[in-house]
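**Q** Submitted below is the structure of interest, expressed as structure tokens.
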Amino acid sequence: MRKDEAKFITKFLSEAGTKAENSDFFGYVLLDNYAIWVVADGFDEENGAKIAAKIAVESVIEYFMLRPRFNYEVIKEMMNYANLKVKEKQEETQKYSLMHTSLLIIISNYNSILYGNIGNTRFYHIRGGYIVSQSSDDTIAQLLVEEKALNTSDMRFHRQRNDLLQAIGDFGKIKPNIIKEPIELLEKDIFCMTTVGFWENIDDYDMENDLSRFEDKKQWLNSLEKRILASLRENIENYTIAGVEIQAVASKEPMEKDKAKIIKKIALGVLIAVVIILFIVIWNVKRRNNILQAATQYEKLADEEVIRKNFNNSIDNLKLEIGEYEKLKPKSRGVIGFLTNAENKRMEADKKIKEISKKIDETEKLKRAFSDINEGNEMFNSGNYDEANVKYQQAKYNLNENSYKRDELNTEEILTTLDSRINSTVKLKEAKSLETAGDNAVTQGSYNLAKVSYKNASDMYLENGRADYVSQVEKKLENIAEKEKTAYSGAMLAENKGDSLAQSNINSSREAYYQARQMYQVLGDTVKVGEIDNKIQELNSQQNAELQTANNLVQEGLSQITANNPAQAISIFTQAKNIYRKMKDENNAKAVEKFINQAQEFIKFESQNAEKLKQQEIEYSEQLKQQQMQAQQELSIKETEIKAQQQEMEKERERREEISRKMENAINLEIQADTMVINGNYEESISKYENAKKILEEINETGNFGNQMAKIEDLNKKIGKSEGYLLKQKGDENFKNKKWKEAVEEFKGAKDNLQKNGAKKEEIEEIEKKLKKAEKKANRKWWQFWKIF
């Protein structure tokens with residue numbers, strides 16, 4: 001036994017560093033003629049790192065012990081076998097689906113060694129106290145060294161020293177680094193196996209220096225461990241070092257060669273294996289044909305059921321087909337499964353199952369599409385156009401995404417019909433909004449605006465196949481006609497009242513005319529409004545003329561008194577008084593009454609003493625002048641008040657007209673914004689909603705046109721929804737452009753906005769699905785690059 005000729009002493013240590021758990025694993029076996037040493041370093045960032053390292057080491061030693069050899073091929077086989085076992089564990093347990101590990105294998109015939117590694121576990125060969133060779137890493141930092149962009153001594157500080165190019169557990173094929181020629185050992189040689197936690201904290205000089213200081217190799221390892229713990233790094237990775245000291249070597253022996261006896265045994269074994277395999281192949285072929293025949297029958301039935309639109313039956317048949325292909329998967333694993341290529345056969349069956357699963361997904365889409373069409377039709381017929389539009393859009397999306405039985409299901413014709421229905425929902429929603437605007441206009445008394453809205457709504461209903469709604473609108477138009485008729489009667493009564501009072505009571509007549517004018521204005525009869533304005537103008541002119549006449553008579557009466565004609569003055573004052581009383585101007589009438597009394601007093605005392613009379617005349621004259629000035633001032637104030645009243649009434653009329661125009665503008669802006677939301681123009685719709693909201697807030701501040709807060713709150717919700725739809729639209733665009741993180745933020749924002757503003761559950765669920773996909777994409781690791789596609 002070669003083991004007795006040689007003396008290989010193995011010392012090792014393995015610790016967790018500053019990590020919570022040690023994910024390194026080391027093992028070795030010294031057989032009679034061969035030996036093997038294995039170390040693995042699981043990735044701490046992944047679930048199952050420790051398990052991956054343990055599986056890799058144990059599976060390698062298991063494979064080697066079944067048939068120990070000393071050549072290049074056995075290392076390659078052990079690497080592939082370890083990769084297979086780790087991948088099997090990934091498939092068995094979902095939470096371990098991403099686990100990986102670095103791996104280093106050394107085998108020896110007790111005279112020479114061969115080694116292979118993958119990842120960033122390292123091999124060092126020490127001779128004469130110096131490191132004479134070491135392995136290469138599968139890292140980006142190693143690539144930089146090979147390109148001469150980085151020194152080997154600086155690798156342990158480079159930030160990409162742990163960015164691996166390959167590892168055990170990778171999805172595709174691995175290409176381990178295996179030396180072709182054996183390294184012949186000499187007495188006192190040492191070879192070491194290390195993980196990243198060791199070599200990133202210890203440089204080559206430290207290893208060589210400490211080796212010269214300690215004869216005992218265990219002390220040497222302990223000294224190196226102290227250097228690791230004294231490192232300035234805050235985080236120390238798991239570290240493992242195994243040193244094998246060569247105190248004696250066996251005689252030189254070439255790599256394993258076949259012998260004649262072995263060939264005969266192999267030939268006999270091959271013959272037996274061929275007979276067994278032939279029997280198994282025949283049985284498997286027959287079994288396989290039966291399974292494939294059953295699977296083909298299920299596939300045919302599934303296709304027929306899809307054409308009949310029995311989607312549940314089709315899906316059931318496809319699931320049965322998957323069950324048949326599951327039977328084709330070999331059960332053998334381990335070494336036997338590896339040798340019989342069981343993994344490739346399972347992959348072929350999985351590929352077919354994946355194709356059938358895709359068919360199931362497409363059938364599910366067809367099922368949802370036709371279900372959405374039926375639900376959309378029900379909502380369309382019941383007048384829920386927004387919900388119908390959503391259902392039609394979902395159906396259209398699923399049908400466009402589907403390629404399964406497209407021609408047999410007349411997909412293109414259905415899509416054309418859906419486009420027509422989607423367009424109709426937009427038009428009918430607009431018609432419904434116009435009808436609602438008409439209802440609001442009727443409530444506010446704007447009958448002309450209501451008639452225009454109802455007429456446009458009626459035309460849209462006819463154009464889009466809803467003649468049943470037209471009769472309802474026509475009834476509303478008839479009601480407007482009745483209300484207009486009633487309103488016209490009231491307006492005419494007010495106008496007639498004004499006409500009858502025009503000669504006897506100008507103020508009451510004017511008030512009646514203003515009432516009639518407001519009614520005609522609401523009815524939109526601009527001709528009658530103009531006529532009433534003319535009548536009011538005539539009243540004002542008449543009133544001003546009569547006022548001027550009365551004022552002139554007062555002046556003339558005062559002149560007559562001054563001229564010592566009191567009897568003539570009384571006659572003139574009486575005419576002025578009658579005019580003031582006709583105008584309901586009691587203040588001026590009373591003032592003139594005083595003038596009359598004074599004139600009468602003047603006549604009474606006319607016969608008295610001339611000197612006394614003359615003196616009284618002077619006093620009366622002075623009093624009359626003062627009273628005249630006072631009367632003129634009072635008349636001027638009265639004229640100013642009348643003009644101010646007229647201006648205020650005119651301003652009130654203009655203000656109400658302005659508010660009516662603003663209300664109409666706000667309603668139109670909201671209708672336009674609703675249409676833009678349906679068409680996906682969310683940014684423009686937000687602008688329209690904001691403008692409508694601003695107008696309503698201005699109207700609400702006046703306090704003279706009802707409380708608009710309920711409507712403003714409704715607009716706030718619509719703005720919130722539009723912002724949510726806009727974020728969703730941007731999220732879809734970033735998702736399409738593979739900007740995963742931006743898409744995640746926008747989908748979150750869209751979800752929050754729609755939840756706050758009462759969006760439908762289906763819309764929120766759709767965004768949650770997209771958010772999960774985006775988060776999955778955004779959180780993928782570097783080795784998951786294939787998940788981009």
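Residue numbers (full-length UniProt numbering): 1 to 789. Glycine residues also receive a C-beta, built at the ideal position from the N, C-alpha and C atoms.
If distances are taken between C-alpha atoms only, which option among Lys717, Glu765, Ala743 comes closest to Gly758?
**A** Of the candidates Lys717, Glu765, Ala743, the one whose C-alpha sits nearest the C-alpha of Gly758 is Lys717.
**Q** Taking only the alpha-carbon atoms, compute the straight-line gap between Ser357 and Lys327 and give it to the nearest angstrom.
**A** Rounded to the nearest angstrom, the two C-alpha atoms are 16 Å apart.
**Q** Does the count of Cβ pairs from the stretch 386-393 and the stretch 417-425 closer than 8 Å reach three?
**A** Segments in contact, yes.
**Q** Does the stretch 4-20 touch the stretch 217-237, meaning 3 or more C-beta pairs lie closer than 8 Å?
**A** At 8 Å Cβ cutoff, the stretches touch.
**Q** Rank Ile579, Arg655, Gly557 by C-alpha distance to the C-alpha of Lys625 and give the top, closest one.
**A** Nearest of Ile579, Arg655, Gly557 to Lys625, Cα basis: Gly557.
**Q** In three-state DSSP terms, what is Gln166?
**A** Coil at Gln166, not helix or strand.
**Q** Please go through the same chain and pick out, in chain order, the residues whose beta-carbon is closer than 6 Å to the beta-carbon of Asn679, but skip the five residues on each side of it.
**A** Cβ within range, chain order: n/a, list empty.
**Q** Is it a yes or a no for the stretch 452-466 touching the stretch 423-439, going by three-plus beta-carbon pairs under 8 Å?
**A** Because the criterion of three Cβ pairs below 8 Å is met, the stretch 452-466 and the stretch 423-439 touch.
**Q** Enumerate in chain order the residues of its own chain whose CB-to-CB distance from Glu321 is below 6 Å, with the five nearest sequence positions on each side excluded.
**A** So the qualifying residues of the chain are Ala295, Tyr298, Glu299, Ile356.
**Q** Spatial neighbours of Lys261 within its chain, please: C-beta separation below 7 Å, excluding the five flanking residues on both sides.
**A** Caution is warranted here: a pLDDT of 39 is assigned to Lys261, below 50, making its placement in the model unreliable, and no coordinate value can be reported.
**Q** Helix, strand or coil for Val29, going by three-state DSSP, please let me know.
**A** Here Val29 sits in strand by DSSP.
**Q** Rounded to whole angstroms, what's the CA-CA distance from Val38 to Lys769? Just pull it up for me.
**A** The straight-line gap from Cα to Cα measures roughly 44 Å.
**Q** Quick check on Glu184: does DSSP put it in helix, strand or coil?
**A** Glu184: strand per DSSP, three-state reduction.
**Q** Taking contact to mean at least 3 C-beta pairs separated by less than 8 Å, is the stretch 155-170 in contact with the stretch 112-132?
**A** Touching, per the Cβ criterion.
**Q** Leaving aside the five residues before and after Leu143 along the sequence, list all residues of the same chain whose C-beta is less than 8 Å from its C-beta, in chain order.
**A** Answer for Leu143: Leu165, listed in chain order.
**Q** Since Gly197 and Asn238 should fall inside the 8 Å C-beta cutoff, what is the C-beta to C-beta distance between them, to a whole number of angstroms?
**A** Yes, they are in contact, since the Cβ atoms of Gly197 and Asn238 sit about 5 Å apart, within 8 Å.
**Q** Counting only runs of 4+ residues fully inside the stretch 179-254, write out the alpha helix (DSSP H) ranges in chain order.
**A** Runs found: 196-199, 204-213, 217-229.
**Q** For Met155, count neighbouring C-beta atoms within 10 Å of its own C-beta (all shown protein chains included) and say buried if the count is 16 or more, exposed if not.
**A** Result: buried.
**Q** Where does Leu366 fall in DSSP's three states?
**A** Of the three classes helix, strand and coil, the one that applies to Leu366 here is helix, per DSSP.
**Q** Should Gly129 and Leu221 be called a contact, given that it needs their Cβ atoms to be closer than 8 Å?
**A** Against a cut-off of 8 Å, the Cβ pair of Leu221 and Gly129 comes out as no contact.
**Q** Suppose only complete runs of 4+ residues qualify. What are the alpha helix (DSSP H) ranges in the stretch 370-405, listed by chain order?
**A** Runs found: 385-401.
**Q** So Tyr110 and Ala250 are supposed to be a Cβ contact under 8 Å. How far apart are they, rounded?
**A** Yes, Tyr110 and Ala250 are in contact; Cβ-Cβ is about 4 Å, under 8 Å.
**Q** Quick check on Ile480: buried or exposed, where buried means 16 or more other Cβ atoms within 10 Å of its Cβ?
**A** It counts as buried.
**Q** What residue does the beta strand (DSSP E) around Asn117 start on, and which one ends it?
**A** Here the beta strand (DSSP E) through Asn117 covers 112-118.
**Q** Please state the DSSP three-state secondary structure of Ser23.
**A** Here Ser23 sits in coil by DSSP.
**Q** Cutting at 6 Å between CB atoms, please list the residues of its own chain near Pro182, excluding the five before and the five after it.
**A** Excluding sequence neighbours, Pro182 sits near Ser112, Leu114.
**Q** Would you mind reading off the limits of the beta strand (DSSP E) that contains Ile126?
**A** Unbroken beta strand (DSSP E) run through Ile126: 122-127.
**Q** Excluding the 5 residues preceding and the 5 following Met78 in the sequence, name in chain order all residues of the same chain whose CB lies nearer than 7 Å to its CB.
**A** So the list reads Val60, Tyr63, Phe64, Ile105, once near-sequence residues are dropped.
**Q** For Phe789, which residues of its own chain have a beta-carbon under 7 Å away from its beta-carbon, when the five flanking residues on both sides are left out?
**A** With a pLDDT of 40 at Phe789, under the threshold of 50, the modelled position of this residue cannot be trusted; read the value that follows with caution. Nothing listed; no residue qualifies.
**Q** When DSSP labels each residue in this structure, what does Lys11 get in the three-state scheme?
**A** Residue state, collapsed to three classes: strand.
**Q** Taking its Cβ as the centre, do 16 or more other Cβ atoms sit within 10 Å of Thr139, making it buried, or is it exposed?
**A** That one is buried.
**Q** Got a sec: is the Cβ-Cβ distance from Val442 to anything in chain B below 8 Å?
**A** Of the chains in the structure shown, none is chain B; there is only one protein chain.
**Q** Could you tell me how far apart the beta carbons of Gly731 and Ala743 are, in whole angstroms, since I believe they sit closer than 8 Å?
**A** About 5 Å; that satisfies the 8 Å criterion.
**Q** Would you kindly check if the distance between the Cβ of Lys396 and the Cβ of Leu415 is under 8 Å?
**A** Yes, the pair counts as a contact, with Cβ atoms nearer than the cut-off.
**Q** What are the start and end residues of the beta strand (DSSP E) that includes Ile41?
**A** Before going further, note that residue 41 is Asp rather than Ile in the sequence given. Where Asp41 is concerned, the enclosing beta strand (DSSP E) stretches over 35-42.
**Q** Looking only at its chain, what residues have a beta carbon closer than 6 Å to the beta carbon of Trp782, apart from the 5 residues adjacent to it on each side?
**A** Any reading at Trp782 must be qualified, since the residue scores a pLDDT of 48, below 50, and its modelled position is unreliable; no value is offered.
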